[in-house]
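Colleague:
Protein chains in written order, with our numbering: chain A, 8 to 299; chain B, 64 to 500.
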């Protein structure tokens with residue numbers, strides 16, 4: 008390699024390092040995506056040798072029946088939940104940035120749920136919400152037995168129960184990302200602020216927030232797309248029954264219960280477009296604000 | 064130039080290593096002389112114990128066939144995805160939900176002509192297409208209701224209910240006279256509200272032709288007097304009269320076995336396959352398994368008879384792409400004829416002339432008539448599935464029954480009649496889309 012100039016060495020390195028990730032990306036993201044778009048133009052049950060090309064008729068069916076989109080109102084619960092989730096994550100991350108006792112213990116406690124398997128979490132919370140389960144026992148023990156509800160049976164409450172579970176599960180991720188960003192802030196800035204007599208609130212508003220703005224934006228985008236795509240917890244805990252059905256659960260049911268893989272693929276493509284639009288919209292919003 | 068050549072050689076090297084590893088894999092399979100087959104099953108509960116004993120027994124006769132078992136929890140969901148490839152085991156259960164029998168020849172090996180198979184085995188018409196049979200039943204079941212005899216006795220119920228009204232009265236007596244939950248829905252597990260209820264429909268029809276030949280031409284199967292209406296109404300009434308568990312959303316399938324054995328649950332709509340599981344739960348708790356009873360679905364037809372439909376559980380099929388079809392067939396034949404699986408499951412033997420299990424012999428004493436669905440009419444084999452799929456109702460899934468239950472609790476703004484009308488509309492629309500008369 009000695010006789011190569013810097014530019015071509017650089018090129019070789021880039022190509023060789025990027026080769027594997029790009030192949031993985033193509034094989035596991037772009038190829039399935041292309042297939043999905045293709046499937047969405049078929050009338051196909053997912054395994055049969057008969058695939059009938061039907062053009063856009065799956066999309067036409069989808070957009071001519073408002074029932075398919077009515078499930079999006081369930082996403083609103085998750086959207087509201089994600090705001091709460093991000094605020095809490097931000098709060099905990101800030102608290103743990105400052106000096107305090109048993110810092111690592113609390114970090115572990117907050118991050119741990121994110122490491123657990125989603126199905127295991129769903130089962131833990133089934134026991135938690137069950138009649139005479141963990142939640143009811145706790146409420147009774149602290150004398151709040153009157154507050155006991157049918158946490159999953161009551162259709163007005165069930166989605167809040169789902170969202171709470173979801174927050175518990177995903178907060179660790181937001182928290183760790185915030186914490187990482189906060190810890191990369193130069194300590195000297197805080198020291199200077201101390202000398203100037205700033206309190207913790209001032210530090211948060213004038214030092215921490217501006218420094219981690221990009222990360223907050225990223226987390227917001229992830230939270231919104233996550234809310235639109237909510238699936239695992241309501242699917243494992245409720246099978247999407249009792250008003251907990253989200254758009255993704257509906258897509259899975261269409262594909263594997265009703266045997267309409269073509270229509271389900273069309274739904275996935277529409278979901279993808281919705282997410283892309285939501286992301287672009289948010290990006291534009293942040294860009295706009297930066298300009299002000 | 065040199066760079067390019069180097070890059071080229073890197074790629075070549077990668078290609079060679081890749082192809083080497085592939086060809087090595089091929090050599091390995093070609094070398095094998097002792098045959099090895101993979102059986103894929105949905106019985107996750109038996110794969111590590113009973114089926115291993117069967118394999119040991121089988122190997123005493125055929126020592127050169129190695130049998131590997133593989134089990135899938137969400138069998139129906141996953142196996143169809145695997146069937147997109149050629150590698151879905153050698154012997155497997157033919158999927159039922161949404162798998163049209165016209166697809167059978169593409170995926171499964173024909174096992175014999177319809178005539179030959181029917182002479183030897185039960186339930187051969189289920190997986191028959193164009194005069195060939197592609198499946199052999201693992202075990203046969205009857206459809207009815209499992210119940211706890213002690214609870215019924217304690218509640219003061221003298222006679223096995225024979226109509227939905229009598230059944231509801233019995234449940235009311237259980238509610239006022241005992242601490243048991245009169246009916247347990249298993250709503251949280253979802254599937255007990257699917258096929259277990261769907262399979263009761265022929266009992267209400269009391270006609271072997273209804274399900275397979277008449278239903279695909281019925282414009283409004285959820286209108287009053289129709290089997291689906293009767294079943295839906297019973298579910299609605301049980302829920303709205305509060306004869307079910309307090310909170311259906313936190314029911315637990317595994318726990319229900321012990322609960323019915325202990326008399327905490329009085330009844331559940333489940334196929335006769337469930338008898339053995341409930342009895343085992345009783346034995347493991349030190350309770351006499353005799354407390355578990357099985358009754359026919361409470362519906363007396365116009366001819367004065369109560370019917371119990373008899374049908375096949377999942378059927379075995381041989382992968383059409385298998386390289387060890389003969390070995391797979393040997394194991395299948397041994398399993399069907401020698402293993403004693405049907406007795407173990409207290410089910411109906413798939414081999415013609417086998418004795419009925421004790422629980423079902425009692426049906427005969429009650430004067431219950433057994434019926435078995437006839438095959439669909441020629442050219443209409445897939446019609447019923449097509450209409451169901453087009454209408455997005457999913458009769459074999461739990462979907463519309465969970466909807467009935469939720470509405471009966473008061474969680475949905477729709478009445479029983481609203482749901483029935485909606486289902487009828489969807490069904491009729493699907494029929495007209497497909498051009499069915």
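Virtual Cβ for every residue (Gly too), placed ideally from N, Cα, C. Just so we're clear, the structure is a prediction, and the values are computed from it rather than from any experiment.
What residues match up with residue 192 of chain B in a beta bridge as DSSP calls it?
Modeller: For the purposes of this step, residue 192 of chain B is identified with residue 129 of the second chain, where counting begins at 1. According to DSSP, residue 192 of chain B bridges with B:195.
Colleague: DSSP beta-bridge partners for residue 437 of chain B?
Modeller: Residue numbering aside, residue 437 of chain B sits at position 374 when the second chain is read from its first letter. Answer is none; residue 437 of chain B lacks a bridge partner.
Colleague: Flag this pair as yes or no: are the beta carbons of residue 153 of chain B and residue 385 of chain B separated by less than 8 Å?
Modeller: Indexing the second chain from 1 puts residue 153 of chain B at position 90. Indexing the second chain from 1 puts residue 385 of chain B at position 322. Yes, Cβ-Cβ distance for residue 153 of chain B and residue 385 of chain B is below 8 Å.
Colleague: Expressed to the nearest angstrom, what Euclidean distance is found between the alpha-carbon atoms of residue 245 of chain A and residue 159 of chain A?
Modeller: Along the first chain, read from residue 1 onward, the residue named residue 245 of chain A stands at position 238. Along the first chain, read from residue 1 onward, the residue named residue 159 of chain A stands at position 152. Going by the C-alpha atoms only, they are around 8 Å apart.
Colleague: CB-CB under 7 Å to residue 486 of chain B, same chain, minus the five flanking residues each way: which ones, in chain order?
Modeller: Your numbering for residue 486 of chain B matches position 423 in the second chain. For residue 486 of chain B, where only same-chain residues beyond five positions count, the Cβ hits under 7 Å are 285, 456, 463.
Colleague: Would you list the one or two residues that DSSP bridges to residue 133 of chain B?
Modeller: Numbered from its first residue, the second chain carries residue 133 of chain B at position 70. According to DSSP, residue 133 of chain B bridges with B:103.
Colleague: Taking only runs that begin and end inside the segment 373–431 of chain B, name each unbroken beta strand (DSSP E) of 3 or more residues, in chain order.
Modeller: 378–381, all fully within the segment 373–431 of chain B.
Colleague: Using 8 Å as the limit for Cβ to Cβ distance, is residue 166 of chain A near chain B?
Modeller: If you number the first chain from 1, residue 166 of chain A lands on position 159. Output row for residue 166 of chain A: interface = no.
Colleague: Would you list the one or two residues that DSSP bridges to residue 330 of chain B?
Modeller: Against the second chain, residue 330 of chain B aligns to sequence position 267. Beta-bridge pairing links residue 330 of chain B to B:210, B:246.
Colleague: State the Cα-Cα distance for the pair residue 201 of chain B and residue 106 of chain B, rounded to the nearest angstrom.
Modeller: For this step, residue 201 of chain B is matched to residue 138 along the second chain. For this step, residue 106 of chain B is matched to residue 43 along the second chain. Answer to the nearest angstrom: the Cα atoms are 11 Å apart.
Colleague: So residue 249 of chain A and residue 474 of chain B are in contact, right, with Cβ under 8 Å, and what is the actual spacing, rounded?
Modeller: Counting from one through the first chain, the residue named residue 249 of chain A turns up at place 242. Counting from one through the second chain, the residue named residue 474 of chain B turns up at place 411. At roughly 6 Å, the Cβ-Cβ gap stays under 8 Å, so residue 249 of chain A and residue 474 of chain B are in contact.
Colleague: Could you tell me which uninterrupted alpha helix (DSSP H) segments, each at least 4 residues in length, are contained entirely in the segment 140–225 of chain A, listed from first to last along the chain?
Modeller: The qualifying runs are 141–148, 165–190, 194–202, 207–210.
Colleague: Would residue 157 of chain A pass as an interface residue toward chain B - the criterion being a Cβ-Cβ separation below 8 Å?
Modeller: Counting from 1 along the first chain, the entry for residue 157 of chain A is found at position 150. Output row for residue 157 of chain A: interface = yes.
Colleague: What is the rounded straight-line gap between the Cα of residue 236 of chain B and the Cα of residue 330 of chain B?
Modeller: As a position in the second chain, residue 236 of chain B is number 173, starting the count at 1. As a position in the second chain, residue 330 of chain B is number 267, starting the count at 1. If you take the alpha carbons of residue 236 of chain B and residue 330 of chain B, they lie about 13 Å apart.
Colleague: Please return the same chain residues whose Cβ sits closer than 7 Å to the Cβ of residue 219 of chain A, not counting the five positions on each side in sequence.
Modeller: What you label residue 219 of chain A is simply residue 212 of the first chain in a count that begins at 1. Result list for residue 219 of chain A: 185, 188, 189, in chain order.
Colleague: Using the Cα positions of residue 258 of chain B and residue 374 of chain B, report the straight-line distance between them to the nearest angstrom.
Modeller: By 1-based counting over the second chain, the position of residue 258 of chain B is 195. By 1-based counting over the second chain, the position of residue 374 of chain B is 311. Cα-Cα distance, rounded: 12 Å.
Colleague: Keeping to the same chain, check which residues put their C-beta closer than 8 Å to that of residue 363 of chain B; ignore five residues upstream and five downstream.
Modeller: Here the question's residue 363 of chain B lines up with position 300 in the second chain. Contacts found: 225, 226, 369.
Colleague: Grab me the residues of residue 167 of chain A's own chain with a C-beta within less than 8 Å of its C-beta, minus the 5 sequence neighbours each way, in chain order.
Modeller: Looking up residue 167 of chain A in the first chain gives position 160. Cβ neighbours of residue 167 of chain A beyond the five flanking positions: 84.
Colleague: Please report whether the beta-carbon of residue 455 of chain B lies at a distance below 8 Å from any beta-carbon of chain A.
Modeller: Start at 1 with the first residue of the second chain, and residue 455 of chain B comes out as number 392. Yes, residue 455 of chain B counts as interfacial toward chain A.
Colleague: Taking 8 Å as the limit between beta carbons, can you name the residues of its chain near residue 216 of chain A, skipping five residues before and five after?
Modeller: Looking up residue 216 of chain A in the first chain gives position 209. So the qualifying residues of the chain are 223.
Colleague: Apply the 10 Å Cβ neighbour rule to residue 318 of chain A and answer buried if 16 or more other Cβ atoms are within range, or exposed otherwise.
Modeller: Here chain A covers residues 8 to 299 and nothing more, so residue 318 of chain A does not appear.
Colleague: Taking Cβ to Cβ, would you say residue 330 of chain A is nearer than 8 Å to residue 237 of chain A?
Modeller: The requested residue 330 of chain A does not occur in the structure, where chain A is confined to residues 8 to 299.
Colleague: Let me check one thing: in DSSP terms, what residues is residue 98 of chain B bridge-paired to?
Modeller: Your numbering for residue 98 of chain B matches position 35 in the second chain. Answer is B:128, bridged to residue 98 of chain B.
Colleague: In chain B, which residues lie less than 7 Å from residue 263 of chain A when you measure between Cβ atoms?
Modeller: In the first chain, residue 263 of chain A corresponds to position 256, counting from 1. Neighbours of residue 263 of chain A on chain B, chain order: 140.
Colleague: Is residue 466 of chain B buried or exposed, if buried means 16 or more other CB atoms sit within 10 Å of its CB?
Modeller: Stepping through the second chain from its first residue, residue 466 of chain B is reached at position 403. Residue 466 of chain B is buried by the Cβ-count criterion.
Colleague: Could you have a look at residue 230 of chain A and say whether DSSP puts it in helix, strand or coil?
Modeller: By one-based count along the first chain, residue 230 of chain A stands at place 223. Of the three classes helix, strand and coil, the one that applies to residue 230 of chain A here is helix, per DSSP.
Colleague: So what does DSSP say about residue 250 of chain A, is it helix, strand or coil?
Modeller: For the purposes of this step, residue 250 of chain A is taken as residue 243 along the first chain, with counting starting at 1. Residue 250 of chain A falls in the coil class under three-state DSSP.
Colleague: Return the CA-CA distance between residue 182 of chain A and residue 100 of chain A, expressed in angstroms with no decimal places.
Modeller: Residue 182 of chain A sits at position 175 when you count from the first residue of the first chain. Residue 100 of chain A sits at position 93 when you count from the first residue of the first chain. Going by the C-alpha atoms only, they are around 6 Å apart.
Colleague: For the alpha helix (DSSP H) containing residue 357 of chain B, list its first residue and its last residue.
Modeller: Walking along the second chain from the start, residue 357 of chain B turns up at place 294. Note, residue 357 of chain B: premise wrong, no alpha helix (DSSP H); beta strand (DSSP E) at 355–359.
Colleague: Strictly under 8 Å for the Cβ-Cβ distance: is residue 65 of chain A near chain B by that measure?
Modeller: Counting from one through the first chain, the residue named residue 65 of chain A turns up at place 58. It does not: the Cβ of residue 65 of chain A has no partner Cβ on chain B nearer than 8 Å.
Colleague: By DSSP's criteria, residue 205 of chain B is part of a beta bridge. Which residues make up the other side?
Modeller: In the second chain, the residue the question calls residue 205 of chain B occupies position 142. Looking at the DSSP assignment, residue 205 of chain B forms a beta bridge with B:373.
Colleague: When you compare the CB positions of residue 207 of chain A and residue 105 of chain A, do they come within less than 8 Å of one another, or not?
Modeller: Position 200 of the first chain, counted from the start, is the residue given in the question as residue 207 of chain A. Position 98 of the first chain, counted from the start, is the residue given in the question as residue 105 of chain A. Against a cut-off of 8 Å, the Cβ pair of residue 105 of chain A and residue 207 of chain A comes out as a contact.
Colleague: Identify, in the order they occur along the chain, each residue of the same chain with its Cβ nearer than 8 Å to the Cβ of residue 143 of chain B, setting aside the five sequence neighbours on each side.
Modeller: Along the second chain, one-based indexing puts residue 143 of chain B at 80. The residues are 158, 161, 162.
Colleague: Does the distance from the C-beta atom of residue 282 of chain B to that of residue 494 of chain B stay below 8 Å?
Modeller: Residue numbering aside, residue 282 of chain B sits at position 219 when the second chain is read from its first letter. Residue numbering aside, residue 494 of chain B sits at position 431 when the second chain is read from its first letter. For residue 282 of chain B and residue 494 of chain B, yes; Cβs fall inside 8 Å.
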